[in-house]
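Position in the sequence shown (from 1) plus 664 gives the number in this note's numbering. All C-beta atoms, glycine included, are put in the ideal place defined by N, C-alpha and C.
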Amino acid sequence: MPDDAKLTHTNEQGEAHMVDVAHKQPTRRDAWAESIVVMSVEAWNAVKANSVKKGDVLSVARIAGIMAAKRTHELIPLCHPLKLSKIEVKLLPDAQPSLGSLDLRDDQRSIIVQAHVRALDLTGVEMEALTAASVAALTVYDMLKAIDKAIEIRSTHLLKKLGGKSGDVLFAEPH
């Protein structure tokens, strides 16, 4: 296997290990990720009216996403702890996803969760953006599950990344 094609998170014995990034220079890294939460019109109306008994769904989910990005290295075993300089989590009721279409029924609505994470560091922030979007979506689910037993988290995906060895990658432009 060519040297640049070898697995980076395994040693010569095939055991998982954390990659040594000490030889790298810090560069600006950005990543955007998106999760899609689909729910009933009743649950969506409760979010819009801010009448959910557990509290302000959008604010709580936003804070949960920010907290999750900061703790990604504690959740994903081989992630490096990073000095994040920006974490932005947006919750967009009834927006269209950046990738594909929703195909909602008449009795369904959605919240698009988007996370943008930035660091001046030695390795990328894709996992932090994906974790932020995922945990924010899970928080929406948790806060609305008493209203809607059929809530779906349809997908979580990377939209865009800037910086790093592999350069810029764009799957879809974030909102």
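It is roughly 4 Å from the alpha-carbon of D785 to the alpha-carbon of P690. Between K750 and V781, the C-beta spacing is below 8 Å. With contact defined as three or more Cβ pairs closer than 8 Å, the segment 731-744 and the segment 786-805 are in contact.
Using a 10 angstroms sphere on the CB of E790, the tally of other CB atoms reaches 16 or more, which defines it as buried. Per DSSP, reduced to three states, the secondary structure at S723 is helical. DSSP places A800 in no beta strand (DSSP E) but in the uninterrupted alpha helix (DSSP H) bounded by 790-808. Where E706 is concerned, the enclosing alpha helix (DSSP H) starts and stops at 705-713. Spatial neighbours of W708 in its own chain (CB-CB distance under 6 Å, excluding positions within 5 residues in sequence) are listed in chain order as R773.
By the criterion of a C-beta distance shorter than 8 Å, T674 is surrounded in its chain by A680, H681, once the five residues flanking it on both sides are discounted.
Across the structure, T820 and V777 are spaced so that their CA atoms are roughly 9 Å apart.
In this chain, L746 is not harboured by any alpha helix (DSSP H), its DSSP state being neither H nor E. Judged by DSSP secondary structure, H737 falls within the alpha helix (DSSP H) whose first and last residues are 736-739. Residues of the same chain with a CB within less than 7 Å of the CB of S798, apart from the 5 flanking positions on each side, are S699, T820 in chain order. Counting the other CB atoms within 10 Å of its CB gives K718 a total below 16, which places it among the exposed residues.
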